[in-house]
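From first to last, the protein sequence lines are chains P and F.
The opening position of the first sequence corresponds to residue 1 in the numbering used here, with each subsequent residue numbered one higher.
The opening position of the second sequence corresponds to residue 1001 in the numbering used here, with each subsequent residue numbered one higher.
Where a beta carbon is used, it is the ideal one built from N, C-alpha and C, also for glycine.
Since the model is a prediction, treat every value here as computed from it, not as a measurement.
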Amino acid sequence: MVEKKEYKEWPPFAPGTHLHDSDIKEKKVNYTWWEPEVQYSWSLGPAMSKFLQGLKNGIIYGIHCKRCKRVLVPPRSFCEYCYGPTEEWVELKDTGTIETFSISYIDADARRIEEPILIGVISIDGASPQHGFMHYFGEMSKDEIKIGMKVKAVWKSENEREGSITDIKYFKPLKGGAE
Amino acid sequence: MKEVAVIGGGMTLFRRRLKETGKELSYLATKMAMEDAGIQKDDIDMVVMGSAPDAFDGIHMKGENLLDGAAAAGKPYVRVFNGGGTGVFAPIAGWWHVASGVADVCLVVCEEKMGSCYPHPQTAFRHIWDPILDRPLNPNLVWLFAMEMNRYMTVHNIKKEDIARVAVKNKRNAVGHPCAQLADPNITVEDVLNSEVLAWPVQRLDISPPSDGAAALIYCSKDVVHKFTDDPIYVAGVGWNIDSTMWTNRDLYFPRYVANAAKMCYKMAGITNPRKDIDFAEPYDPFDYKELHHMEGLLLCDKGEAPILTREGVTQRDGDLPICPSGGLLGVGNPIAATMGQKVCELYWQLAGKAGKRQIPGDPRMGVGQAWGDIMQMSTVIALRRG
Chain P
1 MVEKKEYKEW
11 PPFAPGTHLH
21 DSDIKEKKVN
31 YTWWEPEVQY
41 SWSLGPAMSK
51 FLQGLKNGII
61 YGIHCKRCKR
71 VLVPPRSFCE
81 YCYGPTEEWV
91 ELKDTGTIET
101 FSISYIDADA
111 RRIEEPILIG
121 VISIDGASPQ
131 HGFMHYFGEM
141 SKDEIKIGMK
151 VKAVWKSENE
161 REGSITDIKY
171 FKPLKGGAE
Chain F
1001 MKEVAVIGGG
1011 MTLFRRRLKE
1021 TGKELSYLAT
1031 KMAMEDAGIQ
1041 KDDIDMVVMG
1051 SAPDAFDGIH
1061 MKGENLLDGA
1071 AAAGKPYVRV
1081 FNGGGTGVFA
1091 PIAGWWHVAS
1101 GVADVCLVVC
1111 EEKMGSCYPH
1121 PQTAFRHIWD
1131 PILDRPLNPN
1141 LVWLFAMEMN
1151 RYMTVHNIKK
1161 EDIARVAVKN
1171 KRNAVGHPCA
1181 QLADPNITVE
1191 DVLNSEVLAW
1201 PVQRLDISPP
1211 SDGAAALIYC
1221 SKDVVHKFTD
1231 DPIYVAGVGW
1241 NIDSTMWTNR
1251 DLYFPRYVAN
1261 AAKMCYKMAG
1271 ITNPRKDIDF
1281 AEPYDPFDYK
1291 ELHHMEGLLL
1301 CDKGEAPILT
1311 REGVTQRDGD
1321 LPICPSGGLL
1331 GVGNPIAATM
1341 GQKVCELYWQ
1351 LAGKAGKRQI
1361 PGDPRMGVGQ
1371 AWGDIMQMST
1381 VIALRRG
């Protein structure tokens, strides 16, 4: 035990020394530097392999959980809620509804971009409510995009597809149900 | 189960970049908490460290790197981590060390040094996205929150200005906090609404800044509390909960995992009517809309009601239900795990009447702190009470 320090206000002071960006840039402080070089190769597992193979063929697959009576997208090998195996693959439409979206003026590294990226979550027709994935939107302006809007996938040409989520280029407005 | 008392708290300056190493920051926060409690290293039985992703500090398994600064050399020590939830989860882990009876005195230290990731920690955030479905789209982490905020605003028809009021309140509250990074006594709703649009609806002043910093908290068992204080603050309850990582399969307008964590905590604390039984709260506010979202998740009001309470002044420091009297993450800063300083140390300082210029009026007896993390799926909740 040591003697307690009694102060009227806590924290009584703020220990630490503020560094400005210029302190680093102009080498006013001592620092050391490290750039990691690491590479990864992820195998996709049975469920995602089938899903991405489907995209390569221009098909969005869901998977049925019989116990929960849900059609899950993205598909998975087991149901996270009832914890049973998922069984039947279901071919879904390539249309859906915008659940939410953002109009982004920053890229992945927070660099500023002139032309905004339209990004959001699409629930896919034929799957259970709220079942879908994140993707880009196109052929619509930032003033037109709305939650609840019906959209349709725009695919890359067959020979460009490689079994990736980017085999869909973006989702465009689905007008009057006509294609 | 043993009753667990809080007997000390400490925190460092929060800034975008600090000169001290993570180990040194841990030492500075711990020393302050030891002075508050009136103890030294030998009096501590066990230590819990909380620190968020290794990628920020750039030191893999950084718990080992930090332990000397956390007064843990030669002691039972563990690092816990659940992303943004860590700032409240580390004190929950510290609580169970004492509640279980295995430690009489337990120190909890939380550290984050986001400034080491150069030039901006946003680069490290890229590595938390799903590698198969999300990363090929080149996402920015702000997108997640923009999408959640938009869903919340749209479902309840909430205006951006009612959300901006949270940023204004918290940055003004932070004026009384010596560690604060973004305190601003003159900020207005217009300033927030006119700030740069990053990913609509998120604008620059809707977001808390990345920071370096550390915080510390000391617990003891009720069995020995008479040695340290005559007016103890106790942990009334704890709760935590996580939802599925399949975030595109959930309706983002309401954080049901926060409600689950809150119910677990309230049951332990004997809180039957949260709005009435809780005197003030420190919900996690890395974005202004998150304070509102979390007030609803914490069952402090109905769904969609938080912006109305904020507009009516109920959540001001002198209001009926003060929210984030510390200044929160928006005003004091967001060194992820180290936000234990605002979310838990602040509850203790307020309940003990030690918060000085930030002290809420009246006689607060029950405060709730909460944190939130992983991919919009994890929440941690703690309730402290006086007497």
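Going by Cα to Cα distance, which pick from the options is closest to residue i?
{"i": "D957/F", "options": "I1044/F, G1373/F, L1141/F and I1308/F", "result": "A query on residue 957/F cannot be resolved here, the shown segment of chain F reaching from 1001 to 1387 and no further."}
{"i": "Q1370/F", "options": "A1355/F, R1317/F, L1299/F and R1311/F", "result": "L1299/F"}
{"i": "I59/P", "options": "A108/P, Y136/P, I124/P and E6/P", "result": "I124/P"}
{"i": "G1313/F", "options": "K1169/F, I1007/F, V1344/F and M1011/F", "result": "K1169/F"}
{"i": "D143/P", "options": "P116/P, G16/P and E99/P", "result": "P116/P"}
{"i": "A47/P", "options": "C79/P, I24/P and H18/P", "result": "C79/P"}
{"i": "A1070/F", "options": "V1197/F, M1011/F and M1378/F", "result": "M1011/F"}
{"i": "L1141/F", "options": "Q1342/F, L1292/F, E1112/F and H1120/F", "result": "H1120/F"}
{"i": "A1093/F", "options": "D1057/F, V1048/F and N1065/F", "result": "V1048/F"}
{"i": "D1054/F", "options": "P36/P, S43/P and R70/P", "result": "P36/P"}
{"i": "E1112/F", "options": "L1018/F, A1183/F and W1095/F", "result": "L1018/F"}
{"i": "A1143/F", "options": "V1224/F, V1197/F and P1322/F", "result": "In the sequence under discussion, the amino acid at residue 1143/F is Trp, which differs from the Ala named in the question. The option with the nearest alpha carbon to W1143/F is V1197/F."}
{"i": "I1059/F", "options": "E1035/F, S1116/F, A1099/F and V1098/F", "result": "S1116/F"}
{"i": "N1150/F", "options": "N159/P, K156/P, L118/P and R161/P", "result": "L118/P"}
{"i": "R1358/F", "options": "M1/P, E6/P and P12/P", "result": "P12/P"}
{"i": "A941/F", "options": "D1231/F, D1042/F, A1269/F and A1174/F", "result": "Chain F is shown only over 1001 to 1387; residue 941/F falls outside these bounds and no answer can be derived."}
{"i": "A1124/F", "options": "G54/P, F137/P, A110/P and P129/P", "result": "A110/P"}
{"i": "Q1342/F", "options": "L1193/F, K1267/F and D1285/F", "result": "D1285/F"}
{"i": "T166/P", "options": "M1061/F, G1333/F and L1133/F", "result": "L1133/F"}
Less than 7 Å between the C-beta atoms of residue i and residue j, yes or no?
{"i": "L1084/F", "j": "I1336/F", "result": "According to the sequence displayed, residue 1084/F carries Gly and not Leu. Yes. Within cutoff."}
{"i": "C1110/F", "j": "M1046/F", "result": "no"}
{"i": "V151/P", "j": "F171/P", "result": "yes"}
{"i": "P75/P", "j": "G84/P", "result": "no"}
{"i": "L1217/F", "j": "P1091/F", "result": "yes"}
{"i": "M1389/F", "j": "W1200/F", "result": "This structure cannot speak to residue 1389/F, because chain F is shown only from 1001 to 1387."}
{"i": "P1178/F", "j": "A153/P", "result": "no"}
{"i": "C1265/F", "j": "I1007/F", "result": "no"}
{"i": "A1146/F", "j": "S164/P", "result": "no"}
{"i": "I122/P", "j": "H131/P", "result": "no"}
{"i": "A127/P", "j": "V73/P", "result": "yes"}
{"i": "E1282/F", "j": "C1324/F", "result": "yes"}
{"i": "D1057/F", "j": "G1087/F", "result": "no"}
{"i": "H64/P", "j": "E88/P", "result": "yes"}
{"i": "W1095/F", "j": "V1004/F", "result": "yes"}
{"i": "T1339/F", "j": "R1165/F", "result": "no"}
{"i": "E1035/F", "j": "K5/P", "result": "yes"}
{"i": "H1293/F", "j": "Y1118/F", "result": "no"}
{"i": "D1288/F", "j": "A1180/F", "result": "no"}
{"i": "I1158/F", "j": "K1171/F", "result": "no"}
{"i": "L1351/F", "j": "I1233/F", "result": "yes"}
{"i": "G1373/F", "j": "P1209/F", "result": "no"}
Taking 6 Å as the cut-off, is the beta-carbon of residue i closer than that to any non-hydrogen atom of the ligand NAP?
{"i": "I168/P", "result": "The model depicted lacks the ligand NAP and carries no ligand whatsoever."}
Does residue i have its Cβ less than 7 Å from a Cβ in chain B?
{"i": "M134/P", "result": "Here the protein chains are P and F, and chain B is not one of them."}
Flag this pair as touching only if the stretch 1015 to 1034 of chain F and the stretch 1203 to 1221 of chain F have three or more C-beta atom pairs under 8 Å; answer yes or no.
The stretch 1015 to 1034 of chain F vs the stretch 1203 to 1221 of chain F: in contact.
Which ranges does the alpha helix (DSSP H) cover as unbroken runs of at least 4 residues, wholly within the stretch 1026 to 1062 of chain F, from first to last along the chain?
Qualifying alpha helix (DSSP H) stretches, in chain order: 1054 to 1057.
Can you find at least 3 beta carbon pairs, one from the stretch 1362 to 1376 of chain F and one from the stretch 1334 to 1346 of chain F, that sit closer than 8 Å?
In this structure the stretch 1362 to 1376 of chain F lies against the stretch 1334 to 1346 of chain F, because at least three pairs of beta carbons, one per stretch, are closer than 8 Å.
So, do the stretch 1232 to 1241 of chain F and the stretch 1372 to 1382 of chain F have three or more beta carbon pairs nearer to each other than 8 Å?
These segments touch.
Residues within the stretch 1143 to 1176 of chain F neighbouring chain P, beta-carbon criterion of under 8 Å:
Against chain P - using a Cβ distance shorter than 8 Å - the residues of the stretch 1143 to 1176 of chain F are W1143, A1146, M1147, E1148, N1150, R1151 and T1154.
What are the residues in the stretch 34 to 60 of chain P lying within 7 Å of chain F by C-beta distance?
Hits within the stretch, in order: W34, W42, L44 and M48.
Closer than 7 Å, Cβ to Cβ, to anything on chain P: give me those residues from the stretch 1111 to 1122 of chain F, in chain order.
Taking 7 Å as the Cβ-Cβ cut-off, the stretch 1111 to 1122 of chain F approaches chain P at H1120 and Q1122, given in chain order.
By the 7 Å beta-carbon criterion, what residues does the stretch 104 to 129 of chain P contribute toward chain F?
Within the stretch 104 to 129 of chain P, contact with chain F at the beta-carbon level (separation under 7 Å) is assigned to S104, Y105, I106, D107, A108, D109, A110, I119, G120 and V121.
For the stretch 1176 to 1200 of chain F, which residues have a CB atom closer than 7 Å to at least one CB atom of chain P, in sequence order?
Contact annotation: in the stretch 1176 to 1200 of chain F, residues whose CB is within less than 7 Å of a CB in chain P are P1178, C1179, V1197, L1198, A1199 and W1200.
Hey, which unbroken runs of the beta strand (DSSP E) at 3 residues or more fall wholly within the stretch 1211 to 1265 of chain F?
The beta strand (DSSP E) runs lying completely inside the stretch 1211 to 1265 of chain F and spanning 3 residues or more are 1212 to 1221 and 1233 to 1242, given in chain order.
Please identify, using Cβ separations under 7 Å, the residues of the stretch 1123 to 1139 of chain F that lie next to chain P, in order along the chain.
Cβ contacts with chain P: T1123, R1126, P1131, I1132, L1133, D1134, P1136, L1137, N1138 and P1139.
Using a Cβ cut-off of 8 Å, which residues of the stretch 1035 to 1052 of chain F contact any Cβ in chain P, in chain order?
Residues of the stretch 1035 to 1052 of chain F that bring their beta carbon within less than 8 Å of a beta carbon in chain P comprise E1035, D1036, A1037, G1038, I1039, Q1040 and D1043, in sequence order.
Should the stretch 1351 to 1362 of chain F be called in touch with the stretch 1071 to 1079 of chain F, which here means at least 3 C-beta pairs below 8 Å?
Two segments are said to touch when three or more pairs of C-beta atoms, one from each, lie closer than 8 Å; by this definition the stretch 1351 to 1362 of chain F does not touch the stretch 1071 to 1079 of chain F.
Uninterrupted beta strand (DSSP E) stretches inside the stretch 1050 to 1127 of chain F (no shorter than 3 residues):
Whole beta strand (DSSP E) segments, 3+ residues: 1077 to 1080 and 1105 to 1113.
Give the residues from the stretch 1011 to 1034 of chain F that approach chain P closer than 7 Å (Cβ to any Cβ), ordered along the chain.
Residues passing the 7 Å Cβ filter: M1011, T1012, L1013, R1015, R1017, L1018, K1019, E1020, L1025, L1028 and M1032.
What are the residues in the stretch 1 to 12 of chain P lying within 7 Å of chain F by C-beta distance?
Under the 7 Å Cβ criterion, the stretch 1 to 12 of chain P contributes M1, V2, E3, K4, K5, K8, E9, W10 and P11.
Ignoring anything shorter than 4 residues or poking outside the stretch 1145 to 1224 of chain F, list the alpha helix (DSSP H) runs there in chain order.
Counting whole runs of 4 or more residues, the stretch 1145 to 1224 of chain F contains the alpha helix (DSSP H) stretches 1160 to 1173 and 1189 to 1193.
Listed in chain order, which residues of the stretch 142 to 174 of chain P have Cβ atoms closer than 9 Å to some Cβ of chain F?
Listed in chain order, the positions of the stretch 142 to 174 of chain P with a beta carbon within less than 9 Å of a beta carbon of chain F are K142, K146, I147, G148, S164, I165 and T166.
Between the stretch 1355 to 1372 of chain F and chain P, which residues of the former have a C-beta closer than 9 Å to a C-beta of the latter?
Against chain P - using a Cβ distance shorter than 9 Å - the residues of the stretch 1355 to 1372 of chain F are A1355, G1356, K1357, R1358 and Q1359.
By the 9 Å beta-carbon criterion, what residues does the stretch 1223 to 1241 of chain F contribute toward chain P?
Listed by position, the residues of the stretch 1223 to 1241 of chain F near chain P (Cβ gap below 9 Å) are K1227, F1228 and T1229.
Between the stretch 80 to 93 of chain P and chain F, which residues of the former have CB atoms less than 9 Å from a CB of the latter, in chain order?
Cβ contacts with chain F: E80 and Y81.
Near-chain P residues of the stretch 1062 to 1093 of chain F (beta-carbon distance less than 8 Å), N- to C-terminal order:
If the cut-off is 8 Å between Cβ atoms, the stretch 1062 to 1093 of chain F has nothing near chain P.
Contained alpha helix (DSSP H) runs [length at least 4] in the stretch 38 to 68 of chain P, N- to C-terminal order:
Look at the stretch 38 to 68 of chain P and you find these whole runs of alpha helix (DSSP H), each 4 residues long or longer: 45 to 56.
Can you list, in chain order, the stretches of the beta strand (DSSP E) that have 3 or more residues and sit fully within the stretch 1264 to 1327 of chain F?
Counting whole runs of 3 or more residues, the stretch 1264 to 1327 of chain F contains the beta strand (DSSP E) stretches 1280 to 1282.
Taking only beta carbons into account, state which residues of the stretch 1246 to 1272 of chain F come closer than 8 Å to chain P, listed in chain order.
Taking 8 Å as the Cβ-Cβ cut-off against chain P, the residues of the stretch 1246 to 1272 of chain F that qualify are M1246, T1248, N1249, R1250, D1251 and L1252.
Whole runs of the alpha helix (DSSP H) within the stretch 74 to 159 of chain P, excluding any shorter than 4 residues
Whole alpha helix (DSSP H) segments, 4+ residues: zero.
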